[in-house]
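Asker:
Number of protein chains: 2
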Amino acid sequence: MAATLDLRTFIRDVPDFPKPGILFKDITPLLRSADAFGAGVEQLAAPFASERISCVAAIESRGFIFGSCVARILGAGFVPIRKPGKLPWTKRRNEYILEYGTDALEIHDDAITESDRVLLIDDVLATGGTAAAATALIKEFGATLVGAGFLIELAFLEGRRKLGDVTTQSLIQY
Amino acid sequence: MAATLDLRTFIRDVPDFPKPGILFKDITPLLRSADAFGAGVEQLAAPFASERISCVAAIESRGFIFGSCVARILGAGFVPIRKPGKLPWTKRRNEYILEYGTDALEIHDDAITESDRVLLIDDVLATGGTAAAATALIKEFGATLVGAGFLIELAFLEGRRKLGDVTTQSLIQY
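Here the protein sequences come in this chain order: U and A. The opening residue of the first sequence carries number 1 in the working numbering; numbering runs sequentially from there. The opening residue of the second sequence carries number 1001 in the working numbering; numbering runs sequentially from there.
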């Protein structure tokens, strides 16, 4: 049954959020459906089932919801990628440029090693700025970035280009 | 093997985080271990396996990591409980008092109904202020709050008292 579920019907359009002119893709109806949420995380994990993924890294906060479940499905560990000031231990940071100003992502120093095979998961691939910062940070550890998976891809923003040669999949495209 | 795993050995003490005098319980080593993380979410779900849980509600951001996996294990939907300004749709809010000032939690209006049987999940039960605000908000929807589960309980802070008669379990106590 889950295989025939159209995940797109569980995404709600919210106009003018977080600011005027933005059509926000609200994933909470999908999360609320055990069938749709289950199908989503299974489909995010499936292409990487034979890839011996050792850890799944996901970007806070919505990425945590999908990344943790994908880690469980793949039998992998979970690595949270967080905004500055949230992780308590020594960490690596990657600053990146936004439309206005800069932001940064952090990963604990001991969270990823050279021998890791990492899968990056997030809910939405938009302009790709955050995702590209995350992939660059993961690569700094010397690990193998096996791929990146997103529930939603706003394809018209061409964020996929910023990920270069990283194997990238998305379940719903707009 | 997972049954004999001592989850406590995967928690790292970080002194003076987020401010001087606080001994922070860092859960990231547990997340990084597929075995420990798997055992943790299985143990959080187990007491509620026969409780016909319809949705698992979890508090951002670390609560998302555990709550989403517990929802999958129980075959339930997932409801994110968020800080103000994060949820895009119409929502209910509960403000609560902190040591200095106030904070608030929000849940989407259509996320929980009267017929729901809800399990609340978070990573740490400390003073219980946030957890009590979450349980009160869930009850506002008229739903049945079946229980609350936490990876870690700082028992000396007596947060459990603030949850009143809610069935509360924690996997690691300090």
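Yeah, the Cβ is synthetic: ideal placement off N, Cα and C, and Gly gets one too.
At which residues does the alpha helix (DSSP H) containing Glu-1140/A begin and terminate?
Answerer: Residues 1129 to 1140.
Asker: Asp-6/U by DSSP, collapsed to three states: which one?
Answerer: Coil.
Asker: Mind listing the chain A neighbours of Glu-60/U? Cutoff is C-beta to C-beta under 7 angstroms, in chain order.
Answerer: Near Glu-60/U (Cβ distances below 7 angstroms), the residues of chain A are Ser-1061.
Asker: Mapping DSSP to helix, strand and coil, what is Arg-1093/A?
Answerer: Three-state result, Arg-1093/A: strand.
Asker: So Ala-1143/A packs on Leu-1163/A, CB below 8 angstroms; how close in whole Å?
Answerer: About 16 angstroms separates the two Cβ atoms, so there is no contact after all.
Asker: Can you list, in chain order, the residues of the segment 17 to 31 of chain U whose Cβ is nearer than 7 angstroms to any Cβ on chain A?
Answerer: Of all residues in the segment 17 to 31 of chain U, Phe-17, Phe-24, Asp-26, Thr-28, Leu-31 have a Cβ within less than 7 angstroms of some Cβ in chain A.
Asker: So with Cβ pairs under 8 angstroms, would you call Leu-163/U a contact of chain A?
Answerer: Judged by the 8 angstroms Cβ criterion, Leu-163/U is not in contact with chain A.
Asker: Going residue by residue through the segment 1047 to 1122 of chain A, where are the continuous alpha helix (DSSP H) segments of at least 4 residues, counting only ones entirely within it?
Answerer: Counting whole runs of 4 or more residues, the segment 1047 to 1122 of chain A contains the alpha helix (DSSP H) stretches 1062 to 1074.
Asker: I want to verify the contact list: residues of chain U whose CB lies under 7 angstroms from the CB of Gly-1077/A, in sequence order.
Answerer: Within 7 angstroms Cβ-Cβ: Leu-31, Arg-32, Ser-33, Ala-34, Phe-37.
Asker: Pick helix, strand or coil for Arg-161/U, following the three-state DSSP scheme.
Answerer: It is helical.
Asker: What in chain U is Cβ-close to Phe-1156/A, meaning under 7 angstroms?
Answerer: Neighbours of Phe-1156/A on chain U: none; closest Cβ ~20 angstroms, over 7 angstroms.
Asker: Whole angstroms is fine: what's the gap from Thr-113/U's alpha carbon to Ser-1054/A's?
Answerer: Going from the Cα of Thr-113/U to the Cα of Ser-1054/A covers about 39 angstroms.
Asker: Judging by CA-CA distance, which residue of Arg-93/U, Leu-151/U, Ala-155/U is the nearest neighbour of Ala-136/U?
Answerer: It is Arg-93/U whose Cα lies nearest to the Cα of Ala-136/U.
Asker: Within the same chain, show all residues whose beta-carbon is closer than 6 angstroms to that of Lys-25/U, passing over the 5 residues directly before and after it, in chain order.
Answerer: Closer than 6 angstroms at Cβ, skipping near neighbours: Ile-11, Ile-152.
Asker: Between the Cα of Ile-27/U and those of Ala-1104/A, His-1108/A, Leu-1157/A, spot the shortest distance and give me the residue it belongs to.
Answerer: Of Ala-1104/A, His-1108/A, Leu-1157/A, the residue nearest in Cα terms is His-1108/A.
Asker: Quick one: what's got a C-beta closer than 6 angstroms to Gly-1089/A's C-beta in the same chain, skipping five residues either side?
Answerer: Looking at the sequence shown, residue 1089/A is not Gly but Trp. Answer for Trp-1089/A: His-1108, listed in chain order.
Asker: Going by other Cβ atoms of all chains shown within 10 Å of its Cβ, with 16 needed for buried, is Leu-1154/A buried or exposed?
Answerer: Leu-1154/A should be labelled buried.
Asker: Between the C-alpha atoms of Phe-17/U and Gly-128/U, what's the straight-line distance to the nearest angstrom?
Answerer: Spanning the two alpha carbons is a distance of roughly 19 angstroms.
Asker: Please identify the residue among Lys-139/U, Thr-130/U, Ile-73/U, Asp-103/U whose C-alpha is closest to the C-alpha of Ala-1034/A.
Answerer: That would be Ile-73/U, whose Cα lies nearest to the Cα of Ala-1034/A.
Asker: Using beta carbons (cut-off 8 angstroms, strictly below), is Phe-64/U in contact with chain A?
Answerer: Closer than 8 angstroms: yes.
Asker: Listing by chain order, which chain A residues have their CB less than 7 angstroms from the CB of Ser-68/U?
Answerer: What Ser-68/U touches in chain A: Ile-1065, Ser-1068, Cys-1069.
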